[in-house]
Amino acid sequence: MTEQASYQQYLERWEKDVGPAEVGAFAKFSGRLIKKLSAEEFDPVIREYEALAQRYFDSVERGDTVNDVVVRLLRERAANLLLAAPV
């Protein structure tokens, strides 16, 4: 999926789950205060989230112990992107 398509899906999730708001506005989602990201802000955030999620799943697959901080960070990043946390 292209970054533009990912950003468009993010905007659609924002409209559905949060409601109308300007880029840069803050809102509550899943008990967290999140900022509506611009396309430029979104790109590095989604890449970081995808890399973090991949490392988490790789660790689980290997049977590694997963630190609570990693789980909390993954949930936090998912909320910022209006995604369901994988954990």
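In my numbering, the protein residues as written are 1 to 87. Glycine residues also receive a C-beta, built at the ideal position from the N, C-alpha and C atoms.
No Cβ-Cβ contact shorter than 9 angstroms links Val23 with Leu82. When Cβ pairs closer than 8 angstroms are counted between the two stretches, the segment 72-80 is seen to touch the segment 36-55, the count reaching three or more. Between Leu37 and Val45, the C-beta gap is smaller than 9 angstroms, which places the two residues in contact. The C-beta of Phe42 has 16 or more other C-beta atoms within 10 Å across all chains shown, which makes the residue buried. Judged by DSSP in its simplified three-state form, Lys16 adopts helix.
For Leu83, no beta strand (DSSP E) segment is defined, and its DSSP state is neither H nor E. With respect to the 9 angstroms criterion, Ala39 and Glu3 are classified as neighbours on the basis of their beta carbons. Assignment of Leu37 by DSSP, reduced to helix, strand and coil, places it in the coil class. Shown here, Ala25 sits in coil according to DSSP, grouped into three states, outside any helix or strand.
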